[in-house]
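*Asks:* Dumping the structure here so I can ask a few things about it.
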Amino acid sequence: MDSQPDIIFKVWGSRGSIFAGGPERSIFGGDTTCFSIETDGRFLVVDAGSGLRALGHQLMTRPEGPPAEIDLLLTHLHIDHICGLPFFAPLISGKTIVRLWNSVYPDPETLRDALSRGLAPPIFPVDTTVWNSLEIRVPEAGARVALGPDSMARAFPLNHPDGACGWRVNSSGRVVVVASDHEHGNPSIDAQVAYYSRFSDLMVWDASYTEEELQNRRGWGHSTWQQGLKVGEKVGVNRMLMTHHLPERTDDELTDMERAAQALAHRTLFAREGLVISL
Ligand SMILES: [Zn+2]
Ligand SMILES: [Zn+2]
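Each residue of the sequence shown is one higher than the one before, starting from 1 at the first, in the working numbering.
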């Protein structure tokens, strides 16, 4: 009999910038960035894009009900990474404590203020005061965040407008790294990304652009799959998962990009909604 995997990683949203649906995007999906990590009896979420809504629905309708606690590791506050929060049912269920972690802000109040400015009337009809089970934590980059008896996470800086942090999650000897949104090319930040990604079992990488697109989008805060493969190879990553697909990208285009990447590194996938990776 197969033993239980140490980590079950699932993609709930793989788009960047804005939701993009339609029949040409039915395979990779239209929801923006959101991943879940089940491990060590805990439920972790990385980023709260529009994919978070479906995850919340699934948690509320499972026989055992939603988890008593969820740790939400947030990379940054750009709208494609937080727009699912007001639609995340566990947050207003009264049954779940949601701890939101991010290392970009100096204190919880500053982060809460920033969130409240974006998600309040008249931009959004309900303000963030209804999230009474939300706890905000702002660990320093590199600090050990204890998540369970045998799991922890560390935030590390990413190169992105307004700041962002990646996450290295370590549980039961397995390591998942999320490094999106990130523009490769800043030597000191690249060194930290490489350090925190070393020997990971799975690395999620910002592959927004083609090499051609990158030429006139320097400074916009995103990278290519080719850059990701080089980083992954250099630091001994086992599997790469490319994400943050541009809204205009069709299934056919993403499949072609995935094939090209797999020709260079066969343990590479492009993130699609519903994809489950057991580690
Ligand atoms: Zn983004
Ligand atoms: Zn961003």
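A virtual CB, placed ideally from N, CA and C, is assigned to each residue, including glycine. Note that the structure is predicted; figures quoted are calculated from it, not measured.
(1) So, does the region 121-135 touch the region 169-183, judging by three or more C-beta pairs under 8 Å?
(2) Note down the Cα distance separating residue 94 from residue 64, rounded to an integer number of angstroms.
(3) Excluding the 5 residues flanking residue 261 on each side, which residues of the same chain have their C-beta closer than 7 Å to its C-beta?
(4) Suppose the cutoff is 7 Å on Cβ atoms and the five residues either side in sequence are ignored; what does the same chain contact list for residue 12 look like?
(5) Work out the CA separation of residue 100 and residue 1 for me, nearest whole Å.
(6) Quick one: give me the first and last residue of the beta strand (DSSP E) that residue 12 is part of.
(7) Whose C-beta lies closer than 8 Å to the C-beta of residue 278 among residues of the same chain, with five residues either side of it excluded?
(8) One question on the structure: do residue 80 and residue 17 come within less than 7 Å of each other, judged by their Cβ atoms?
(9) Does the beta-carbon of residue 149 have 16 or more other beta-carbons within 10 angstroms, so that it is buried, or is it exposed?
(10) Specify, as a first and last residue, the run of the alpha helix (DSSP H) that residue 48 falls within.
(11) Could you check what DSSP says for residue 1 in three-state terms: helix, strand or coil?
(12) Should residue 157 go down as buried or exposed, given a rule of 16 or more other Cβ atoms within 10 Å for buried?
(13) Exposed or buried, residue 15, counting other C-beta atoms within 10 Å across all chains shown (16 or more means buried)?
(14) Who are the near neighbours of residue 270 in its chain, counting only those whose CB is closer than 6 Å to its CB and skipping five residues on each side?
(15) In whole angstroms, give me the CA-to-CA distance for residue 209 and residue 223.
(16) At a cut-off of 6 Å, is residue 266 close to ligand 1 when judged by its beta-carbon and the heavy atoms of the ligand?
(17) Give me the residue from 178, 188, 214 and 216 with the minimum Cα distance to residue 200.
(18) Beta-carbon within less than 7 Å of residue 103's beta-carbon, same chain only, minus the 5 sequence neighbours each way: which residues are those?
(19) On the CB-based measure, 16 or more other CB atoms within 10 Å of its CB, does residue 49 come out buried or exposed?
(20) Check for me: the alpha helix (DSSP H) holding residue 197 runs from which residue to which?
(21) Could you tell me whether any non-hydrogen atom of ligand 1 is closer than 6 Å to the CB of residue 78?
(22) For residue 193 and residue 68, I'd like the C-alpha separation in whole angstroms.
(23) Closer than 6 Å to a non-hydrogen atom of ligand 1 - does that hold for the CB of residue 16?
(24) Quick one: is the Cβ of residue 150 within less than 6 Å of any heavy atom of ligand 4?
(25) What would DSSP say about residue 239, mapped onto helix, strand or coil?
(26) Would you check whether ligand 2 has a heavy atom nearer than 6 Å to the C-beta of residue 282?
*Replies:* So, to answer that:
(1) no
(2) 15 Å
(3) 225, 229, 242 and 268
(4) 31, 34, 35, 36, 51, 52, 54, 55 and 273
(5) Any reading at residue 1 must be qualified, since the residue scores a pLDDT of 46, below 50, and its modelled position is unreliable; the value itself is stated next. Rounded to whole angstroms, residue 1 to residue 100 spans 37 Å at the Cα level.
(6) 7-13
(7) 5, 7, 8 and 9
(8) yes
(9) exposed
(10) Careful: residue 48 lies outside any alpha helix (DSSP H) and carries neither H nor E.
(11) Unreliable positioning characterises residue 1 in this predicted model, as indicated by a pLDDT of 46, which lies under 50. The coordinate reading is nonetheless provided below. Coil.
(12) buried
(13) buried
(14) 242, 254 and 258
(15) 6 Å
(16) no
(17) 178
(18) 138, 139, 140, 141, 155 and 165
(19) buried
(20) 187-197
(21) yes
(22) 32 Å
(23) yes
(24) Among the ligands present in this structure, namely ligand 1 and ligand 2, ligand 4 is not found.
(25) strand
(26) Because the chain is modelled from 1 through 279, residue 282 falls outside the range shown and cannot be assessed.
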